[in-house]
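Protein chains in written order, with this note's numbering: chain A, 6 to 123; chain B, 15 to 127.
For glycine and all other residues, C-beta sits at the position ideal for the given N, C-alpha and C.
Predicted, not measured: the structure shown is a model, and the values here were computed from it.
Structure first, commentary second.
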């Protein structure tokens, strides 16, 4: 089940101290997503990469950045975490349209990183 | 953009009864509708999905129906068990090339033993 891996699973940081969350995948999927999920709420898409192309959601704060150095890895950088950024951060992947009939456009989620901001 | 509404927000059923969760979507171009189950502190897990060229899909105790005309889709769980207790999210995929999902607000299902 370790197709989408997130590290660390739990991250504690201080207010204003930069933090980086990591996601890796063994599925060779070309699309990777970062979601923020707060308690009792639906996952909220922050941004996604379609191959190397970065796509930011309009309401994602500038405080959130992302890097994708290769197909397998994607990072979420929070430059100055605030108390309101405490949440579960979920990474997900999906495959190319050519695999659609085989279910390739299904999004597979990682286990998440729970971020605590002190 | 796409807007997905999900009802009810909480649902309690007796073990063995059926549970139905309903979602509506706004973008008529949406063509893929997954359902995710999320247990407390865990990742969303895909339990069933349906594409716009199909009206109904069933997998053991779980079924999903889609009405494209009404832009409405539903999750049906029969013979519910306590382990079905979780939050269920519906989602719709719009027509964008990266296949972004728009999620409903979630339904907390509690199956009472």
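Open item on the list: Checking the sheet assignment: what are the DSSP bridge partners for residue 48 of chain A?
Closed with: Locating residue 48 of chain A in the first chain gives position 43, where the first residue counts as 1. DSSP output for residue 48 of chain A lists no bridge partner at all.
Task: Assumed close pair residue 116 of chain A, residue 57 of chain B - CB separation to whole angstroms, cut-off 8 Å - done: Counting from 1 along the first chain, the entry for residue 116 of chain A is found at position 111. Counting from 1 along the second chain, the entry for residue 57 of chain B is found at position 43. Contact holds; Cβ gap of about 5 Å.
- [ ] Give a yes or no on contact between the segment 89 to 101 of chain B and the segment 23 to 33 of chain B, applying the rule of three or more CB pairs nearer than 8 Å.
- [x] Touching, yes, given that three or more Cβ pairs across the two stretches are closer than 8 Å.
TODO: Express the C-alpha separation of residue 44 of chain B and residue 36 of chain A in angstroms, rounding to a whole number.
DONE: To locate residue 36 of chain A, count along the first chain from 1; it is residue 31. To locate residue 44 of chain B, count along the second chain from 1; it is residue 30. Roughly 18 Å separates the two Cα atoms.
Open item on the list: How far does the beta strand (DSSP E) with residue 78 of chain A in it extend, from its first residue to its last?
Closed with: As a first step, residue 78 of chain A must be located in the first chain, where it is residue number 73. It spans 78 to 83 - the beta strand (DSSP E) in which residue 78 of chain A sits, taken as one unbroken run.
- [ ] Tell me whether residue 114 of chain B counts as near the ligand NAP, meaning its Cβ is closer than 7 Å to at least one heavy atom of that ligand.
- [x] Because no ligand of any kind appears in the structure shown, any question about the ligand NAP cannot be addressed here.
Task: For residue 68 of chain B, the first and last residue of its enclosing beta strand (DSSP E) - done: Taking the first residue of the second chain as 1, we reach residue 68 of chain B at position 54. Here residue 68 of chain B belongs to no beta strand (DSSP E), and DSSP marks it neither H nor E.
Open item on the list: By the three-class DSSP mapping on this structure, what secondary structure does residue 97 of chain B have?
Closed with: Residue mapping note: residue 97 of chain B aligns to position 83 of the second chain, counting from 1. DSSP places residue 97 of chain B in helix when its eight states are reduced to three.
Open item on the list: Which of the three DSSP states is assigned to residue 88 of chain A in this structure?
Closed with: Here residue 88 of chain A corresponds to residue number 83 of the first chain, with the count starting at 1. In the three-state DSSP reduction, residue 88 of chain A falls in the helix class (H, G or I).
Open item on the list: Given a cut-off of 8 Å on the beta-carbon distance, is the pair residue 60 of chain B and residue 31 of chain A in contact?
Closed with: Within the second chain, numbered from 1, the residue matching residue 60 of chain B stands at position 46. Within the first chain, numbered from 1, the residue matching residue 31 of chain A stands at position 26. Cβ atoms of residue 60 of chain B and residue 31 of chain A: not closer than 8 Å.
TODO: Using a Cβ cut-off of 8 Å (strictly closer), state whether residue 119 of chain B contacts chain A.
DONE: By one-based count along the second chain, residue 119 of chain B stands at place 105. Proximity of residue 119 of chain B to chain A, defined by a Cβ-Cβ separation below 8 Å, is satisfied.
Open item on the list: Taking 8 Å as the threshold (C-beta atoms), are residue 125 of chain B and residue 98 of chain B in contact?
Closed with: The residue you call residue 98 of chain B lines up with position 84 of the second chain. The residue you call residue 125 of chain B lines up with position 111 of the second chain. A contact, by the Cβ cut-off of 8 Å.
- [ ] Round the Cβ separation of residue 88 of chain B and residue 23 of chain B to the nearest angstrom and send it over; I've been treating them as touching at under 8 Å.
- [x] As a first step, residue 88 of chain B must be located in the second chain, where it is residue number 74. As a first step, residue 23 of chain B must be located in the second chain, where it is residue number 9. That pair is no contact at about 15 Å.
- [ ] Would you mind sorting residue 8 of chain A into buried or exposed? The rule is 16 or more other CB atoms within 10 Å of its CB.
- [x] Start at 1 with the first residue of the first chain, and residue 8 of chain A comes out as number 3. Taking all protein chains in view, the Cβ of residue 8 of chain A is surrounded by fewer than 16 other Cβ atoms within 10 Å, so the residue is classified as exposed.
- [ ] Just the C-alpha distance for residue 125 of chain A and residue 28 of chain B, rounded to the nearest angstrom, thanks.
- [x] Coverage of chain A is limited to positions 6 through 123, which leaves residue 125 of chain A absent and any answer about it impossible.
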